[in-house]
Amino acid sequence: MRPRFHQRSDAGALLAEQLAGQAGRDDVIVLALPRGGVPVAFEVARRLKAPLDVLVVRKLGVPGHEELAMGAIAAGGIEYRDESVIASLQVPPARVAEVVRRERAELARREKAYRGDRPFPPLAGRTVIVVDDGIATGATMRAAVRALQTRRPAAIIVAAPVASEAAIQALAPDVTAVVTLLIPEAFFAIGQFYEDFGQTTDQEVTDLLARAACDPT
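Structural data, given as structure tokens:
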């Protein structure tokens, strides 16, 4: 399969077209899942003339198979565990706890790096568009949605350039809408749908957030 998108910013521009109905509304905010979701969300926010911020989420990778998610954590103490994966791979509770501790430390580091002392934006009564560069298992996005639900938004729209059918079905009951450009039958890794899927750096994240803060339109 040929890659569908050149790079994350191009995918974000295309995704924004699908979200055009949210443009120009003062109750809309775009939240990116860092790091890879930030370049996508930056383009979405810019085209919708909406503010941009981040919601830090960390995947809980299976020990020895870290690319496979057994859950995820999000800012605010939110934790989602995929008990079926944990049980099928017989991951001991002590190993799960070890992964959670390690990822909580990284989550705290990223919160400090990306937000500093700036408080999390108020979400009550707002329409939140939460963006990532792709949704494979859906574990990190499910943790993100749980974190958002505690803040009482009026609507939660999950948006990503590519998403698996299984992830969409898992997320749909808990959100207002799931918006995606591509639902492939064969989904092995998000990177297979991008020509350039280089790792987004902390510096790129902070630079894009600063640009958005200076000119949200």
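If you're matching positions, the sequence shown starts at 179 in my numbering and goes up one per residue.
Where a beta carbon is used, it is the ideal one built from N, C-alpha and C, also for glycine.
Span of the alpha helix (DSSP H), counted from its first residue to its last, around residue i
| i | result |
| --- | --- |
| TYR292 | 271 to 293 |
| ILE256 | Run containing ILE256: none in the alpha helix (DSSP H); it sits in the beta strand (DSSP E), 256 to 259. |
| GLY215 | 215 to 226 |
| VAL383 | 380 to 392 |
| LEU192 | 186 to 196 |
Close Cβ partners of residue i (< 6 Å) along its chain, the five nearest in sequence each way excluded
| i | result |
| --- | --- |
| ARG186 | PRO217, VAL218 and ASP311 |
| ALA355 | ILE335 |
| GLU257 | ILE251 |
| VAL263 | MET248 |
| TYR372 | PRO181 and PHE183 |
Residue burial classification, residue i (beta-carbon count within 10 angstroms, cutoff 16)
| i | result |
| --- | --- |
| THR328 | exposed |
| LEU267 | exposed |
| GLY190 | buried |
| PHE365 | buried |
| ASP205 | exposed |
| GLY255 | exposed |
| ALA228 | buried |
| GLY215 | buried |
| THR379 | exposed |
| ASP295 | exposed |
Own chain partners of residue i with C-beta closer than 8 Å, once the 5 adjacent residues on each side are dropped
| i | result |
| --- | --- |
| LEU349 | ILE313, GLY316, MET319, ARG320, VAL323, VAL336 and VAL356 |
| LEU192 | PHE183, PRO339 and LEU359 |
| ASP260 | ALA247, MET248, GLY249, THR315 and ALA317 |
| ALA345 | ILE313, ALA314, THR315, GLY316 and MET319 |
| GLU281 | ARG236, LYS237, LEU238 and ILE251 |
| LEU301 | ILE207, LEU326, ARG329, ARG330 and PRO331 |
| GLN347 | none |
Range covered by the beta strand (DSSP E) that runs through residue i
| i | result |
| --- | --- |
| VAL357 | 355 to 360 |
| ARG203 | ARG203 -> no beta strand (DSSP E), and no H or E assigned at all. |
| ASP352 | Taken as a continuous stretch (DSSP letters only), ASP352 belongs to no beta strand (DSSP E), as it is neither H nor E. |
| GLU244 | 243 to 252 |
| LEU238 | 235 to 240 |
| LEU211 | LEU211 -> no beta strand (DSSP E), and no H or E assigned at all. |
| ASP231 | 230 to 232 |
Cβ shell of residue i (< 7 Å), same chain only, five flanking positions each side left out
| i | result |
| --- | --- |
| ARG288 | PRO212 and VAL234 |
| VAL269 | VAL240, PRO241 and MET248 |
| ASP374 | HIS184 and GLN185 |
| GLY369 | PHE375 |
| ALA194 | GLU221, VAL222, ARG225 and LEU226 |
| GLU284 | ARG236 |
| ALA253 | LEU233, VAL234, LEU285, GLU289 and ALA325 |
Any non-hydrogen atom of the ligand FAD closer than 7 Å to residue i Cβ
| i | result |
| --- | --- |
| ILE334 | In the structure on display, the ligand FAD does not appear, and there are no ligands present to speak of. |
key: alpha helix (DSSP H) segments (min. 4 residues) lying fully within the stretch 298 to 348   = 317 to 327
key: Given 8 Å, three or more beta-carbon pairs between the stretch 272 to 283 and the stretch 295 to 305   = no
key: Meets three-Cβ-pair contact criterion under 8 Å: the stretch 195 to 205 and the stretch 378 to 389   = no
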